Every structure is written in C-alpha cells, then in structure tokens.
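Numbering follows the UniProt record's numbering, with no gaps: position 92 of the sequence shown is 92.
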Amino acid sequence: MPAGSKTGPPLAKAKPISASVITYLRSRKTVRGRELLQPERVVRRCKKLCRHQVSGGLVQSCGHIIPESPVLALGSNFTALCILNQSCLDFGNIYASQIIWKIKNRVVPKEQYNEINRTVSSVTFNDTSLLATPLTCNILADGQIEQNIYGITVTLGLPPEKPKNLSCVVHQVSKLTYPMTCTWNPGRHVFLDTHFRLKYRWPQDNFPDCIPKDVNNSCTITDIQFFVNLEVWVEAANALGKAESDPLVFDPIDIVKPLSPHNLSVNSGILPTVLKLSWENQISAAVMKLKFNIRYRIIGETNWMKVPPEDTASQRISFSVQGLRPYTEYVFSIRCMKEDGVGYWSDWSEEKTGVTTEDSNFILRGGKSGVATGHSKVEERDNQFYWTVWIRWPGTSDPQEYKALVDTGAQCTLMPSSYEEVEPICISGVTGGPQQLTLLEAEVSLTGNEWEKHPIVTGPEALCILGIDYLQKGYFKDPKGYWWAFGIAALEMEEIEPLSSLPGLLEDPSVVGLLRVEEQQVPIATTTVHRWQYHTSRGSLIPIQKLLRRLKSQGVISKTFSPFNSPIWPVRKSNGEWRLTVDYHGLNEVTPPMSAAVLDVLELQYDLESKAAKWYATTDIANAFFSILLAAECRPQFAFTWRGIQYTWN
C-alpha cells in the first residue's frame, strides 16, 4: 500500500450472517420494541454504519485515526487515536468501547486500548519495532458484524547519523579543469529516505549546495578556486531529524591529484649505464610545482626499482637514470605530486622502454669537484685533480703542455702566457689584489691530437685552471680509447643548471664564480592585494618586453597564476634605457616587516678580505642590483602582469 494512503471503505466486506442468526431474526418481529429488519436490510445497515453517501457521490469514512500516516523511530513509544464521526453515531448504538484495533489482520491485545470517551479509543505501543502496516480501527456493527472504520500506514526508521570520514580530492582532468570530489561515510541504514547535501563556503561567501546523484556518499563540485581556504561539510536530513559532519577547512591546491606526466621518452647516449627520460607535465608550474617518482625494471622481470625520491624532489621535465646494465632493455614509468608533498600522487604514467648502449672503455668517477678521474693523465694532489692540457697559442705551431686544475666552480678557463692586453679584463682576488689579464682564443686539446678553439683568460700571472666553460662541452676520448665525462655537466643532470644560466650572473668575462645565498622567506601578506596596471608610455613597451624575455630566459622571473597582482611602473634612466620596476606599495601595507636581505657592501668586503678565497668577482656597485632568491611559497604575492601575462620573481 503506498505511503500515506488511507484504508477506508470499501476496505472490508460485511461478514455473512449465519443461518441460525437469520432463523432467529425471522422468528421475531421486534427487538426491544423496534421493528425487526429482514437479514438483507441488516447487511445494508451495517454497511451504512461504516460509510455514508455525501454530495457528488463521494464516499466519506465514518471515522479517522490520528496521527495520519506517521513516521516513527524504531523502538520508540507510539499512541494512535481512532475518532468516530458524529454521522456514525446517528446509525445506532455505536461506542468507542466497540472499537477493535488491528495490525494487518492481527488483533491488538485489549490491554493496550484506552477508551477516552464515547467516540475516541486509543491504542499504545511501547516498542514500535513490533508495529506493522496497516494499523486499522474496526467496529462490531450491532455486535455482530466487524467493519473497518479507518486505516493508516506506519513508517518506521531511524534519524540520520552524523556523516563521518569526510575527505575531498581535486582531480585534474585537463590542464584547465579541476573538479573536486568529496566522499563520506553516511552511517547506518536508517530505513527512510535521507537526503545528503555537500555544503561549502569561503570565509565571506556561501555557495549552492552540491546534491549527490543516485548515491548518498559522494558529490562533485566543478567550480573550485585555488589559493583561498574553503570550508566543507555534509548535512544529512530525513523525517526524523538532521545531522552534520565535522567541517574541513583547506586550500584546494593542497588536495590536488594531478594528471600523470605524458609523452614520456627514453633515450640512450654514449654512456652505457645511463638512460635519459624526458616528459611533459600536464599542470603548469605557475599553478603547482611538482616532485616525481621514477620506477624502472628490466624487461622480463617483475620487480620494480626506484630512483631515490630525494633525487627527483623538485620541478623538472627530464632525468638521467644511472647505474644501469649496458646493452639492456628497461621499462620506465613516472608519477608526480605537489612539490611540498601535500596532496595526492598521480597515477603512474604510460610505460616506455629504452635500451642502454653497448659497454666500452669508459671511465667515470666523481671527484670532490664532481669531475671524471681515473686515468694516468689525471693527477690528484691535496684532494684536487689536475689534467694535462695542451694549448696552441695564436701565431704558434708548437703546443705548450700545462698541468691544469680541474675546477667546475670556475666559469672560465685560465692559462699563463706572455700575452697581454689583447682584450684586457680585471679580476680581483687572484693574487691578493686586482690583476690585469687578457682574453683571447686559442686551440685546446686534452689528448694532444684533437683540437678545438676556445676562449682563454691568460697573462703572465694567470693560474692553470680548466673551468666549467670547457668541461661542460661533452665527452672526451683519450689516446687509449677511454671516454671521459666531466661530472654533472657531461651527465646532463637536470637538477644542476649550468652556471651561465643561473639568475644573477653578469654577461661579463671576468665573472668566474657565483655567490649562492639562501632563499628568503618573506612574510605572507595578511590580505590579497590586486592592483590593475598603470597606463604606460608607448616608448616603454618594446624595451620592457625585451627585458622581461631576458629575465625569463635567465630564470629570474617565471609565469604564474596568482590572485595577487601589482602594477609595473617603467622608469626611464638618464641614458635613455628603461628600468623595470614594480609598484609594491599596496603589498607593503599588508605584509609584516622583515629585515633587509640585501648584503651590506662594506661588511661583504671585510668578510672577503678575511678569507683565503681563490677567486671572486668585482662589480661596479654604483649601478648594481641585488637579486634575492625567494622561497617558493612566497612568490605568488609578488605577481605582476604585462600585456596579459602574469609573472612573478624567483
């Protein structure tokens, strides 16, 4: 029977009158002074007691039950009332004491009845778990014929439990699409229709509820914003009450499951124990920087090996896996997640295979400076390594032999000679004071046979140094057929960038080193600041665009996606060139103060003079700018926009 339906006429038929009753009725003309009705009329009258005709031909019940079709908690107490209408009383001696309560076809014990008055009877159940449907009240017409008065459907159930174990994941499904799916434990089965709603809001804004479709334990939100905290909770409601889960508060960027890297390729090189992996990341570094897991195995084997996680714990698009077997086929797969380890790992990428090259005579050992050693042409003195180098100076045919220090920390190669002032440069700190040296091009060989031209800093007082500018060129083969790879540059280890590409290096031949400083942790702004770009001079457009392109290529700035934005304010210098400046007045107002990260020049000078440094560069501080490396989590608030593209400082 449908929920909420009534059991009214015609719910039951009058019971047939037995032959003995008919004989008895026919034997008497009156009963207590009333005219005795014929049996057929008795049946018709019994039917009229339970219902009567109303205008329009509709049928109206002779009584009703309250409450109407209740929803009850399992195990609770329940009392129902059967109320006889006045119209029923007009048909004769009908009293509430004549009412019979039934559950389905089973009579409820009379101990549970209570006659409230002539027209009202109640029934009480101390434990509703014993109830069934329908619950009906019935009456004996003239004490003989049982007739149904009314019936109700009783629905039993439980109030909703508090939803538990709420968790959310932002699944990246494309480069620009990041739906968030939240799941929870809805609790026990409550036997009632229960509606769940996923609610979410920002500190100042509410959003429309997310309503699950065909399930009761998950819902997906499509309009998620990063870099702002979101509060999420679940509400469950049914006819017996409501319940809410504990809320979650998080920035959706911290629960992203990114797409796995794709277009993975595996390539071999000259090294028989190395394969280089390259891939494309499907999430922009401006949105989220990544770290990686790389696994690999030999074809035909089942056990996976993994690259140490610390080796791939930063943003990259390639990696060289070392220590492999020569001439062996490997299969590789890669996955990624947010660089700080907050969030979820992507699925493993599609597997790709690669084969290492055949073994050959190859020497590769890491010295203190990260260069190749192990052949008779290399000497080690005081934990430093020296290589025999032949130089053929301009205008000469006979090469000169040198024992040069292999120094990957030096950006240029120096060799002593009698040449002076061909292209003079100044280097401080070589012999305790400024020294005039010369830059020229000479032929260089590490074997005495194969020659190539290379710029060399030289002079009578120059030291013998093989710098990274020469060593990073590639692989070298000595007269005995041994291949030499000079450390990280030859192995193309992506986590170590060439010195010439690092931010802050001047394009000046006198630069022979790089001063590395720790990343600066700038206090996070208390409020998001977004200022629109000022109107700029037409003459500044091309110079600023070129400057941004150069800064981006040097790694000083990078593209980003941030709710912060500050305007560029180009400044024209006295020499007609343009200087890039960003107006951070608005950001300064909401950023807690910090101590200056710029070096004190005098303190730096005293510090350098007190150390036994081999090399350091001199800079014209009259026009110097200090580049401060920012911690990754601080960079978004320094964002600025130029011609529709948003950048920030690294």
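We put the CB at the ideal spot given by N, CA and C, even for glycine.
None of these values were measured; they are calculated from a predicted model.
Looking at the unbroken beta strand (DSSP E) that takes in SER284, where does it start and where does it end?
For the purposes of this step, residue 284 is identified with residue 284 of the sequence shown, where counting begins at 1. Segment: none, SER284 is in no beta strand (DSSP E) and carries neither H nor E.
According to DSSP, is ILE542 part of a helix, a strand, or is it coil?
In the sequence shown, the residue the question calls residue 542 occupies position 542. Of the three classes helix, strand and coil, the one that applies to ILE542 here is helix, per DSSP.
Contacting residues, own chain, Cβ-Cβ under 7 Å from PRO247 (five flanking each side not counted)
Translated into the one-based positions of the sequence shown, residue 247 becomes position 247. Take PRO247, set aside five residues on each side of it, and the residues of its chain with a beta-carbon closer than 7 Å to its own are GLU231, VAL232 and TRP233, in chain order.
Around the Cβ of PHE640, are there at least 16 other Cβ atoms within 10 angstroms (buried) or fewer (exposed)?
One-based indexing of the sequence shown puts residue 640 at position 640. It counts as buried.
Mind reading off the beta-carbon distance from SER245 to SER278? Whole number of angstroms is fine, and I expect it under 8 Å.
Counting from 1 along the sequence shown, the entry for residue 245 is found at position 245. Counting from 1 along the sequence shown, the entry for residue 278 is found at position 278. At roughly 45 Å, the Cβ-Cβ gap does not stay under 8 Å, so SER245 and SER278 are not in contact.
Pair within 7 Å by beta-carbon distance, PRO399 and TRP387
Residue 399 sits at position 399 when you count from the first residue of the sequence shown. Residue 387 sits at position 387 when you count from the first residue of the sequence shown. Taking C-beta atoms as the reference points, PRO399 and TRP387 fail to come closer than 7 Å.
Which term fits LYS13, buried or exposed, when burial requires 16 or more other beta carbons within 10 angstroms of its beta carbon?
One-based indexing of the sequence shown puts residue 13 at position 13. With a pLDDT of only 33 at LYS13, under the threshold of 50, the placement of this residue in the model should not be trusted, and no figure is reported.
Which of helix, strand or coil does DSSP assign to PRO416?
The residue labelled residue 416 in the question sits at position 416 within the sequence shown. In this structure, PRO416 counts as strand in the three-state DSSP scheme.
Residue 666 versus HIS262: straight-line alpha-carbon distance, rounded
This structure cannot settle anything about residue 666, because the visible part of the chain is limited to 1 through 650.
Reduced DSSP secondary structure (H/G/I, E/B, other) of SER76
To locate residue 76, count along the sequence shown from 1; it is residue 76. SER76: coil per DSSP, three-state reduction.
For PRO272, the nearest candidate out of GLN322, ILE468 and ARG572 (CA to CA)
Residue numbering aside, residue 272 sits at position 272 when the sequence shown is read from its first letter. The option with the nearest alpha carbon to PRO272 is GLN322.
Under a three-way DSSP split, which group does ILE145 fall into?
Translated into positions along the sequence shown, residue 145 becomes position 145. DSSP places ILE145 in strand when its eight states are reduced to three.
Between which two residues does the beta strand (DSSP E) harbouring HIS454 extend?
Translated into positions along the sequence shown, residue 454 becomes position 454. Where HIS454 is concerned, the enclosing beta strand (DSSP E) starts and stops at 452–459.
What are the partner residues of SER121, as DSSP defines its beta bridges?
Locating residue 121 in the sequence shown gives position 121, where the first residue counts as 1. DSSP, once it has assigned bridges, lists CYS82 and GLU115 as partnering SER121.
Taking the straight line between their C-alpha atoms, what separation do you get for LEU58 and GLN144?
Residue 58 sits at position 58 when you count from the first residue of the sequence shown. Residue 144 sits at position 144 when you count from the first residue of the sequence shown. At LEU58, the pLDDT of 33 sits below 50, so the modelled position is not reliable; the number obtained from the coordinates is stated separately. Distance between the alpha carbons of LEU58 and GLN144 is about 27 Å.
Okay, do the stretch 207–220 and the stretch 128–137 touch, 3+ Cβ pairs below 8 Å being the bar?
Touching, no.
Which residue from GLU280, LEU198, ARG335 and TRP642 puts its Cα closest to that of VAL307?
Here residue 307 refers to the residue found at position 307 when the sequence shown is read from its first residue. Nearest Cα to VAL307 within the set GLU280, LEU198, ARG335 and TRP642: ARG335.
What does a CB cutoff of less than 6 Å around ARG392 pick up in its chain, not counting 5 residues either side in sequence?
Within the sequence shown, numbered from 1, the residue matching residue 392 stands at position 392. The answer, listed in chain order, is PRO399 and GLU443.
Local conformation of GLN400 per DSSP, three classes:
Your numbering for residue 400 matches position 400 in the sequence shown. Under the three-state reduction of DSSP, GLN400 is assigned to strand.
Could you check the C-alpha separation between TRP184 and ILE100 for me, to the nearest Å?
Translated into the one-based positions of the sequence shown, residue 184 becomes position 184. Translated into the one-based positions of the sequence shown, residue 100 becomes position 100. As the crow flies, the alpha-carbon of TRP184 is around 47 Å from that of ILE100.
Whose C-beta lies closer than 8 Å to the C-beta of SER418 among residues of the same chain, with five residues either side of it excluded?
Taking the first residue of the sequence shown as 1, we reach residue 418 at position 418. Answer for SER418: PRO460, listed in chain order.
Contact check, ALA73 vs LEU259, beta carbons under 7 Å
Here residue 73 refers to the residue found at position 73 of the sequence shown. Here residue 259 refers to the residue found at position 259 of the sequence shown. It is not a contact, given that the beta carbons lie outside the stated cut-off.
Scan the UniProt domain "Fibronectin type-III" (257–359) and note each continuous beta strand (DSSP E) run of 3 residues or more that stays entirely inside, going in chain order.
As summarised for the UniProt domain "Fibronectin type-III" (257–359), the continuous beta strand (DSSP E) elements at least 3 residues long and confined to that stretch are 262–268, 275–280, 290–298, 318–321, 329–338 and 352–355, given in chain order.
Close beta carbons around LEU414, own chain, < 6 Å, minus the five adjacent residues each side:
Numbered from its first residue, the sequence shown carries residue 414 at position 414. Only VAL457, ALA462, LEU463 and ILE465 meet the Cβ criterion.
Name the one or two DSSP bridge partners that CYS634 has.
By one-based count along the sequence shown, residue 634 stands at place 634. Paired residue(s): none; CYS634 is not in a bridge.
Can you check whether the CB of LEU580 is closer than 7 Å to the CB of ILE557?
The count along the sequence shown starts at 1 and reaches residue 557 at position 557. The count along the sequence shown starts at 1 and reaches residue 580 at position 580. No; because the gap between Cβ atoms is not below 7 Å, this pair is not in contact.
Tell whether a beta-carbon distance below 7 Å holds between ASN77 and ASN114.
Locating residue 77 in the sequence shown gives position 77, where the first residue counts as 1. Locating residue 114 in the sequence shown gives position 114, where the first residue counts as 1. By the CB criterion at 7 Å, ASN77 and ASN114 fall outside the cutoff.
What runs of the beta strand (DSSP E), each 3 residues or longer, lie entirely inside the stretch 154–200?
You should have 155–157, 164–171 and 180–185.
Grouping DSSP H, G and I as helix and E and B as strand, with all else coil, what is ALA372?
Position 372 of the sequence shown, counting from 1, holds the residue named residue 372. Here ALA372 scores only 36 on pLDDT, less than 50, and its place in the model is too uncertain to base an answer on.
Host beta strand (DSSP E) of ILE99 (start-end)
As a working mapping, residue 99 is identified with position 99 in the sequence shown. 99–103 is the span of the beta strand (DSSP E), which, as asked, contains ILE99.
Quick one: what's got a C-beta closer than 7 Å to ARG572's C-beta in the same chain, skipping five residues either side?
As a first step, residue 572 must be located in the sequence shown, where it is residue number 572. Here ARG572 has TRP578 as same chain residues with Cβ atoms under 7 Å from its own Cβ, once five neighbours each way along the sequence are excluded.
Does the beta-carbon distance from ILE152 to ILE65 come in below 7 Å?
Here residue 152 corresponds to residue number 152 of the sequence shown, with the count starting at 1. Here residue 65 corresponds to residue number 65 of the sequence shown, with the count starting at 1. For ILE152 and ILE65, yes; Cβs fall inside 7 Å.
Would VAL342 pass as a contact of ASP254 if the rule is Cβ separation under 7 Å?
On the sequence shown, position 342 is the one that residue 342 refers to. On the sequence shown, position 254 is the one that residue 254 refers to. Yes, they are a contact pair.
For GLU452, which of ALA404, LEU405, PRO394 and GLN411 has the nearest alpha-carbon?
Here the question's residue 452 lines up with position 452 in the sequence shown. Measuring from the Cα of GLU452, the nearest candidate turns out to be PRO394.
When SER268, LYS242, ASN229 and SER265 are compared against VAL249, the one with the closest alpha-carbon
Taking the first residue of the sequence shown as 1, we reach residue 249 at position 249. Minimum Cα distance to VAL249 is reached at ASN229.
Can you tell me whether GLY157 is buried or exposed, with buried defined as 16 or more other CB within 10 angstroms of its CB?
Here residue 157 corresponds to residue number 157 of the sequence shown, with the count starting at 1. GLY157 comes out buried.
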